[in-house]
Amino acid sequence: MNLIGEHTDYNLGFVLPIAIDRRTFVAAGPRTDGRIRGWSMQEAESFDVDLASLLPGSLDGWAAYACGPAWVLAQEVALAGADLVVSSDVPLGAGLSSSAALQTAVSLALAGMAERALSGTELAMVAHRAESDFVGVPVGIMDQMISALGRRDTALFLDTSDVSYEHVPFHPNDSGLVLVVIDTGVKHSLGEGQYAQRRRTCEEAAGVLGVASLREATLEQLDSPALTEVQRRRARHVVTENERVLEVVSALLEGDLEAVGSAFVRSHRSLQHDFEVSSPELDVAVEAALESGAVGARMTGGGFGGSAIALVPVGSTGALAVGVEEAFGASGFASPRLFQVAASDGAASHG
Ligand code: ADP
Ligand code: MG
23 MNLIGEHTDY NLGFVLPIAI DRRTFVAAGP RTDGRIRGWS MQEAESFDVD LASLLPGSLD
83 GWAAYACGPA WVLAQEVALA GADLVVSSDV PLGAGLSSSA ALQTAVSLAL AGMAERALSG
143 TELAMVAHRA ESDFVGVPVG IMDQMISALG RRDTALFLDT SDVSYEHVPF HPNDSGLVLV
203 VIDTGVKHSL GEGQYAQRRR TCEEAAGVLG VASLREATLE QLDSPALTEV QRRRARHVVT
263 ENERVLEVVS ALLEGDLEAV GSAFVRSHRS LQHDFEVSSP ELDVAVEAAL ESGAVGARMT
323 GGGFGGSAIA LVPVGSTGAL AVGVEEAFGA SGFASPRLFQ VAASDGAASH G
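Okay, so the sequence shown: first residue is 23 according to the working numbering, each after it adds one.
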């Protein structure tokens, strides 16, 4: 789950995710007949496919996600097939990256069976190619990096331009706060092509400004009359969001959670008004959280639904639940689901 740094990854900027204390488990056993078989507690359909016949785009549904890592790894190591049994308490499609959790876990399991040791970054690369090249979803590297490299009580400060990273302390309990996820229950469909459109506008804006990516743009440059109004607003989000990530990293190093909360709110406003990827449900969640005593709240993930997060005093979680529930009711939205999360360890293999 991303603390801050939204829509910055494909602009080669900064992100700051944590691995939450939810898990996707994969029990894997070797086969010798070249088949990959899979069962999931979260999906009705099982699958049984031939490893040699795997091609990008050849599978639908969750089989594509589960087999992607096999397709990637088979290009480098000898795989003779596997049985995979999956169970997860990561909500699917809530913007909490159940897809990266599944693919990182399967990658780790298959690499382990092939006795191939992967560094955290290599593991993330395998899982990322599985999603972008095999399933065909043009995602950034953040979700796989945090799934592979997450560490308890820390956030991962990741520079997506060179995939360098640093673990930064994240333990809001020390400041009497907890991190609460508000899952709106609205399934994000990446806003029907809106994601691709945002990406394109960012690339166009970078082109107009003569920089390789918006990572390199400055606020002053955004005054350029060559930018359209929409390009200016989209670019302003990216430039200021990168600054906010740096601000939050400094604040975390200083233990100043009030400053983190303030950056959360400014990030949300920027996503709401400049980048225009929020949704009515996410906006209501953020307003209600702030009115219920949160020191900060924002949408997290790509937007158009999914989840918001709130940093809340330990004693205010009850008021938050009531406040958000009432606000959703008053707006005619279905009840959201609230749960606390803590920064936890990433992928690990056992046995
Ligand atoms: P998100 O990553 O935000 O949860 P996605 O649409 O990217 O949403 O990925 C969700 C898809 O990943 C599911 O529709 C399913 O195909 C696959 N998936 C994730 N977790 C599981 C699981 N535990 N069992 C089977 N498939 C899963
Ligand atoms: Mg996903």
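Backbone N, C-alpha and C define an ideal beta-carbon position, used for all residues, glycine too.
- At a threshold of 6 Å, residue 121 counts as near the ligand MG, since its beta carbon sits closer than that to one of the ligand's heavy atoms.
- Residue burial is scored here from C-beta neighbours: residue 135 has at least 16 other C-beta atoms within 10 angstroms and is therefore classed as buried.
- In the DSSP assignment, no residue is bridged to residue 26.
- With fewer than three CB-CB distances shorter than 8 Å, the stretch 35–45 does not count as touching the stretch 99–107.
- Per the coordinates, the alpha-carbon of residue 189 lies some 30 Å from the alpha-carbon of residue 228.
- Of 73, 157, 43, the smallest CA-CA separation from residue 82 is found for 157.
- Between residue 112 and residue 248, the alpha-carbon positions lie close to 44 Å from each other.
- Excluding sequence positions up to five before and after residue 254, its CB lies within less than 7 Å of the CB of 244, all in the same chain and listed in chain order.
- For residue 94, the closest alpha carbon among the candidates 46, 148, 196 is that of 148.
- For residue 187, the enclosing beta strand (DSSP E) stretches over residues 186–191.
- For the pair residue 304 and residue 343, the CB atoms are not nearer than the 7 Å cut-off.
- For the set 69, 88, 126, the Cα lying nearest the Cα of residue 370 is the one of 126.
- By the criterion of a C-beta distance shorter than 6 Å, residue 150 is surrounded in its chain by 163, 166, once the five residues flanking it on both sides are discounted.
- Restricted to the stretch 313–363, the beta strand (DSSP E) segments that are unbroken, complete and at least 3 residues in length are 318–322, 329–335, 359–363, listed in chain order.
- Under DSSP, residue 61 forms a beta bridge with 107.
- Contact annotation: residue 349 and residue 43 have beta-carbon atoms that are not nearer than 7 Å.
- DSSP, reduced to helix, strand and coil, places residue 88 within a helical segment of the structure shown.
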